[in-house]
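Residue numbers (this note's numbering): 9 to 402.
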Ligand code: FAD
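Written as structure tokens, this is what we have:
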């Protein structure tokens, strides 16, 4: 059992937690990171399944994610673009796959006009509100690129610099805190493998998990209420690896959309310099609930049939098939990220990052820029570390 004295204890070694810890060390503070899982990276996880490297969690970087791009540069990690040559497939209400190029779905002209109007309206609203007033941030998927070797390296390489300051397999159950004689606080964070005494604690976990920890004294009414209004969605990220990217031979990019399809989005997710072809697809919300009612074989069959509806029967027999099931992961409980229920952001948003005594909050979920993305996790890690370092100096 470790008994440690530190300036700051960080709960969670996802990209936000490791970034915060690394920044705090740069600022001259001592840190311990306690991580529930047996690995760092949180919702980013690059693993090899049946010989295929898969991005089980977060993977894409878009050009506006400048904090992440800066960090990738610093960590000397390269990126490569998603394959997007050739035509895409759209399945509309009639169920027939239609080839198209460009960014606009091949829909009835009246619908296209209405979609363009809606997109312009949302873009206008988002620009008007701005990212730091956190009501809206459009998800820029269109120019996605990937990290050579996998997104988890953002955490792994930063964690390497933290060395023994990260303790794995250590779910934090209790955070005790009290004022000290100097106007600061004494914090004691307890888990099975360690007790860490510190001056500050950063909760670098998604907000739906705050209530897994007993805070002593309890959090104030506002936090108790606010935290109940944030939950994770449910998405199954499906990976299918084939001996070749067969769709490319047919002049297809692998990008497919179908509003009513079981797998609503499909992309070519072939790894850098890999001769095999990988498709990734997403099954969301009630559609995910429904397929989880099926047995594993029936679910696989239904999902592959849906992908074959876009790309043909060759899609039915991948060499490797894997479903990222983040809803079953105790230390995440859903995908992709936490958001407020209707009206929650307006009601609680202004207080979501307010510290409670020595307790600070850092994850991609309440981020402004980079909201719900690795970029937001990094920004939040940096912002929170700077706030703590500033107070620690006083
Ligand atoms: P997390 O990554 O969730 O890290 C939190 C850490 O805290 C975890 O390691 C967890 O084990 C640990 N923890 C929790 N509770 C405790 C406890 N009590 N004690 C100790 N440790 C605890 N983002 C993108 O930018 N691009 C994408 O393409 C993308 N795709 C995604 C696809 C999927 C399927 C998922 C699930 C996410 C995706 N995201 C994507 C989102 C991105 O992965 C997250 O926004 C990011 O990982 C959040 O980082 P974080 O550090 O805030 O939280």
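Backbone N, C-alpha and C fix where the C-beta goes; we use that ideal spot for every residue, glycine too.
Pull up the distance between the alpha-carbon of residue i and that of residue j, whole angstroms please.
i: residue 44; j: residue 299; result: 29 angstroms
i: residue 74; j: residue 387; result: 9 angstroms
i: residue 135; j: residue 377; result: 12 angstroms
i: residue 368; j: residue 188; result: 18 angstroms
i: residue 184; j: residue 13; result: 14 angstroms
i: residue 143; j: residue 353; result: Annotation note: pLDDT 41 at residue 143 (below 50); position unreliable, coordinate value reported separately. Those two C-alpha atoms are separated by around 7 angstroms.
i: residue 21; j: residue 356; result: 26 angstroms
i: residue 335; j: residue 225; result: 30 angstroms
i: residue 146; j: residue 124; result: Confidence is the limiting factor: at residue 146 the pLDDT is only 44, short of 50, which leaves the residue's position unreliable and the question unanswerable from this model.
i: residue 259; j: residue 96; result: 9 angstroms
i: residue 25; j: residue 394; result: 13 angstroms
i: residue 121; j: residue 389; result: 41 angstroms
i: residue 400; j: residue 190; result: 12 angstroms
i: residue 321; j: residue 222; result: 52 angstroms
i: residue 112; j: residue 35; result: 48 angstroms
i: residue 129; j: residue 98; result: 23 angstroms
i: residue 93; j: residue 241; result: 31 angstroms
By the three-class DSSP mapping on this structure, what secondary structure does residue i have?
i: residue 297; result: helix
i: residue 22; result: coil
i: residue 254; result: helix
i: residue 354; result: helix
i: residue 168; result: helix
i: residue 137; result: helix
i: residue 61; result: strand
i: residue 220; result: helix
i: residue 81; result: helix
i: residue 302; result: coil
i: residue 326; result: coil
i: residue 101; result: coil
i: residue 402; result: coil
i: residue 53; result: coil
i: residue 193; result: strand
i: residue 178; result: coil
i: residue 68; result: strand
i: residue 117; result: helix
i: residue 211; result: strand
i: residue 74; result: helix
i: residue 312; result: helix
Less than 7 angstroms between the C-beta atoms of residue i and residue j, yes or no?
i: residue 16; j: residue 39; result: yes
i: residue 63; j: residue 56; result: no
i: residue 364; j: residue 227; result: yes
i: residue 340; j: residue 51; result: yes
i: residue 48; j: residue 163; result: yes
i: residue 289; j: residue 252; result: no
i: residue 279; j: residue 61; result: yes
i: residue 174; j: residue 246; result: no
i: residue 76; j: residue 383; result: yes
i: residue 371; j: residue 167; result: no
i: residue 243; j: residue 343; result: yes
i: residue 248; j: residue 287; result: yes
i: residue 385; j: residue 23; result: yes
i: residue 366; j: residue 195; result: yes
i: residue 108; j: residue 154; result: no
i: residue 315; j: residue 325; result: no
i: residue 262; j: residue 276; result: yes
i: residue 303; j: residue 159; result: no
i: residue 37; j: residue 165; result: no
Relative to the C-alpha of residue i, which candidate in the options has its C-alpha closest?
i: residue 266; options: 318, 161, 206; result: 318
i: residue 197; options: 182, 186, 190; result: 182
i: residue 152; options: 382, 93, 69; result: 69
i: residue 72; options: 195, 381, 389, 274; result: 381
i: residue 291; options: 211, 277, 308, 222; result: 308
i: residue 360; options: 28, 214, 262, 330; result: 214
i: residue 236; options: 78, 346, 110, 92; result: 346
i: residue 199; options: 9, 293, 232, 108; result: 9
i: residue 11; options: 29, 117, 37, 42; result: 42
i: residue 59; options: 358, 250, 402; result: 250
i: residue 171; options: 190, 233, 29, 295; result: 29
i: residue 234; options: 398, 401, 348; result: 348
i: residue 230; options: 358, 328, 90; result: 358
i: residue 104; options: 110, 94, 115; result: 115
i: residue 201; options: 132, 208, 180; result: 180
i: residue 85; options: 33, 208, 332, 156; result: 156
i: residue 294; options: 274, 268, 94; result: 268
i: residue 337; options: 46, 161, 274; result: 46
i: residue 169; options: 350, 31, 351; result: 31
i: residue 207; options: 186, 301, 219; result: 186
i: residue 101; options: 398, 110, 256, 119; result: 119
i: residue 362; options: 333, 301, 210, 402; result: 210
Please indicate yes or no: does the CB of residue i lie closer than 6 angstroms to some heavy atom of ligand 3?
i: residue 38; result: As presented, the structure is devoid of ligand 3, carrying ligand 1 as its sole ligands.
_Could you tell me which whole alpha helix (DSSP H) segments of length 4 or greater appear in the stretch 239–283?_
254–257
*What are the uninterrupted segments assigned as beta strand (DSSP E) that are 3 or more residues long and contained completely in the stretch 343–394, given in chain order?*
346–348, 367–369
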